[in-house]
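Q: Input: one structure, supplied below.
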Amino acid sequence: MNTTAPAAPQDHDEEPHAMSEALMTDPYGGYGRLREQAPVVRGRYLDGTPTWFVTRYEDVRALLLDRRLVNTPASVPGMEDKDPRIKMMDMLAIPEELRPYLMGSMLDTDPPEHTRLRRRVLREFTARRVLNLRSQVESFTKRLLDALPEHAEDGVVDLLAHYAYPLSIQVICDLVGVPESERSMWQQWGDDLITMRPERLATSFPAMIEHTHELIVRRRGDLGDDLLSGLIRGQEDPEARISDEEIVTFVVTLVLAGHETTAHTITNGTAALLAHPDQLAYLRSEPEALPGAVHELMRWCGPVHTSRLRYASEDMEVAGTLIPRGDAVLLCFVSANYDPRRYPDPDRLDLRRQQSGQAESHVGFGHGIHYCLGASLARLEAEVAFGALFERFPGLRLAVDPQELERRERLQLPGHWRLSRLPVRL
7 MNTTAPAAPQ DHDEEPHAMS EALMTDPYGG YGRLREQAPV VRGRYLDGTP TWFVTRYEDV
67 RALLLDRRLV NTPASVPGME DKDPRIKMMD MLAIPEELRP YLMGSMLDTD PPEHTRLRRR
127 VLREFTARRV LNLRSQVESF TKRLLDALPE HAEDGVVDLL AHYAYPLSIQ VICDLVGVPE
187 SERSMWQQWG DDLITMRPER LATSFPAMIE HTHELIVRRR GDLGDDLLSG LIRGQEDPEA
247 RISDEEIVTF VVTLVLAGHE TTAHTITNGT AALLAHPDQL AYLRSEPEAL PGAVHELMRW
307 CGPVHTSRLR YASEDMEVAG TLIPRGDAVL LCFVSANYDP RRYPDPDRLD LRRQQSGQAE
367 SHVGFGHGIH YCLGASLARL EAEVAFGALF ERFPGLRLAV DPQELERRER LQLPGHWRLS
427 RLPVRL
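So in the numbering used here, the last spot in the sequence shown is 432, and the numbers never skip.
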């Protein structure tokens with residue numbers, strides 16, 4: 007950490023804005039320029055909130071471990087009755103009674119509340135449970151690959167709609183215990199939520215909350231081996247109480263986050279491999295390198311580019327800049343993962359960069375107490391999805407030029423890197 011005297015906050019005429027065209031159309035270049043400008047840059051968040059953008063790898067990784075940065079504004083002394091997230095809820099037109107389901111998840115809580123919830127969930131979301139899902143993931147993948155030719159139109163198949171999305175929603179819903187007949191609704195709700203468009207959220211979000219409460223009632227009368235049943239059983243433990251509302255919040259967060267991010271991990275990675283035939287040839291010749299390759303793809307084209315907003319619970323110095331208590335902080339994963347101070351030649355996709363079995367170095371899944379709960383499941387799905395796809399269709403290729411794909415199909419979503427479709431020829 008820099009030990010020079012902290013610089014005082016300054017106003018800038020041209021502050022970066024998370025909704026700016028420069029950061030949404032070319033986040034690698036846009037956030038990269040901020041990184042080389044300074045390790046900490048004053049800017050604006052989606053709703054205009056003044057925010058400190060932290061851009062470099064060492065600082066981002068250190069702050070992910072720093073307990074002085076909190077996820078809940080109420081954890082900051084003096085901000086108990088001031089929550090900047092309310093402005094975002096107003097922008098999205100989320101009804102007052104439903105806001106706790108978005109603002110009360112583990113992603114938005116701090117210790118000790120976060121510790122209680124995560125400990126309770128981790129008793130059910132175990133590595134063994136995820137490992138036992140491999141055969142189900144392989145089975146879902148095989149069925150989807152068998153059906154892919156049926157979805158071809160003029161020889162072109164959309165891998166997002168007919169492979170990545172249905173695979174991820176099937177796996178996460180199977181884990182949770184969502185009946186198969188209801189899974190298409192969850193995919194639609196996920197699509198609506200990620201748009202952040204009030205007119206789509208107006209019906210989808212209330213329906214999703216009501217449906218999950220109904221699912222708990224049904225499952226309580228017919229407990230099984232799924233995650234939801236385990237959480238319901240855990241309600242009998244006086245030392246790890248979890249309410250119906252907390253279960254709903256967790257299930258909604260897990261299904262939507264697990265479904266969306268995993269699907270786009272698969273499509274971003276597939277598009278990258280098809281645009282880099284040398285890397286794809288290496289992976290085909292060394293299938294045991296898949297785990298390390300998934301990590302490199304997460305670094306190079308992961309679907310999440312920034313953290314949620316965090317808040318300084320006290321005055322703190324970051325890379326020589328003073329961040330006053332209560333100020334918002336945005337950790338820029340995309341610029342950290344491309345920081346040449348950490349990664350030699352960071353713009354180059356190199357599947358040999360991280361050997362299988364090594365601990366991950368990228369921050370695509372975060373780090374610290376808020377490290378992605380579903381990271382092991384996402385990695386498992388990606389490994390199976392890539393391996394099976396390229397084995398089944400050795401002649402797979404993009405249906406459009408890679409640059410044309412980026413120009414026509416890349417969504418402009420702040421903090422996210424997602425395609426609207428992935429057209430390929432089998």
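In this text, a Cβ means the ideal position worked out from N, Cα and C, and glycines have one as well.
#1: Taking a contact to mean a Cβ-Cβ separation below 8 angstroms, would you say Thr61 touches Cys338 in this structure?
#2: Contact check, Asp89 vs Pro79 under 8 angstroms by CB: the rounded distance?
#3: Among Ser291, Trp58, Ala299 and Asp152, whose alpha-carbon lies nearest the alpha-carbon of Gln360?
#4: Quick check on the burial criterion: 16 or more other C-beta atoms within 10 angstroms. Buried or exposed for Met304?
#5: Taking the continuous beta strand (DSSP E) assigned at Glu323, which residues delimit it?
#6: Taking the CB atoms as reference points, tell me whether Ala342 and Val66 lie closer together than 8 angstroms.
#7: Is Pro408 close to chain C? Criterion is C-beta to C-beta, closer than 8 angstroms.
#8: In terms of alpha-carbon separation, which member of Ile222, Asp228, Leu139 and Thr268 lies closest to Val254?
#9: Alpha helix (DSSP H) containing Thr4: first to last residue?
#10: For the alpha helix (DSSP H) containing Trp423, name the first residue and the last one.
#11: Determine, using beta carbons only, whether His422 and Pro293 come nearer to each other than 8 angstroms.
#12: Under DSSP, the alpha helix (DSSP H) around Gly49 begins and ends at which residues?
#13: For Thr4, name the three-state secondary structure that DSSP assigns.
#14: Using only alpha-carbon positions, find the residue among Glu252, Leu40, Ala318 and Ser145 that is nearest to Leu75.
#15: So, do the stretch 20-28 and the stretch 45-60 have three or more beta carbon pairs nearer to each other than 8 angstroms?
#16: Three-state secondary structure (DSSP) at Thr312?
#17: Which word fits Leu29, buried or exposed, when buried means at least 16 other C-beta atoms lie within 10 angstroms of its C-beta?
#18: What is the residue span of the alpha helix (DSSP H) that Phe146 lies within?
A: Working from what's here:
#1: Within the sequence shown, numbered from 1, the residue matching residue 61 stands at position 55. Within the sequence shown, numbered from 1, the residue matching residue 338 stands at position 332. Result yes, Cβ atoms of Thr61 and Cys338 sit closer than 8 angstroms.
#2: One-based indexing of the sequence shown puts residue 89 at position 83. One-based indexing of the sequence shown puts residue 79 at position 73. Yes, Asp89 and Pro79 are in contact; Cβ-Cβ is about 5 angstroms, under 8 angstroms.
#3: In the sequence shown, the residue the question calls residue 360 occupies position 354. Nearest Cα to Gln360 within the set Ser291, Trp58, Ala299 and Asp152: Ala299.
#4: Here residue 304 is taken as the residue at index 298 of the sequence shown, counted from 1. Answer is buried; the Cβ neighbour count reaches 16.
#5: As a first step, residue 323 must be located in the sequence shown, where it is residue number 317. Its beta strand (DSSP E) spans residues Met322 to Val324.
#6: The residue labelled residue 342 in the question sits at position 336 within the sequence shown. The residue labelled residue 66 in the question sits at position 60 within the sequence shown. The answer is yes: Cβ separation under 8 angstroms.
#7: Among the chains of the structure shown, chain C does not appear; only one protein chain is present.
#8: Against the sequence shown, residue 254 aligns to sequence position 248. It is Ile222.
#9: Since the first residue shown for the chain is 7 and the last is 432, residue 4 is missing from the structure and cannot be characterised.
#10: For the purposes of this step, residue 423 is taken as residue 417 along the sequence shown, with counting starting at 1. It is not in any alpha helix (DSSP H) - Trp423 carries neither H nor E in the DSSP assignment.
#11: Counting from one through the sequence shown, the residue named residue 422 turns up at place 416. Counting from one through the sequence shown, the residue named residue 293 turns up at place 287. Cβ distance not < 8 angstroms, so His422 and Pro293 don't count as in contact.
#12: Here residue 49 is taken as the residue at index 43 of the sequence shown, counted from 1. From DSSP, Gly49 is part of no alpha helix (DSSP H) but of the beta strand (DSSP E) over Val46 to Arg50.
#13: In the structure as shown, the chain starts at 7 and stops at 432, and residue 4 therefore has no counterpart that could be examined.
#14: The residue labelled residue 75 in the question sits at position 69 within the sequence shown. Minimum Cα distance to Leu75 is reached at Ala318.
#15: yes
#16: On the sequence shown, position 306 is the one that residue 312 refers to. Correct three-state label for Thr312: strand.
#17: The residue labelled residue 29 in the question sits at position 23 within the sequence shown. Per the 10 Å Cβ criterion, buried.
#18: Within the sequence shown, the letter at position 140 stands for residue 146. First-last of the alpha helix (DSSP H) with Phe146: Arg140 to Ala153.
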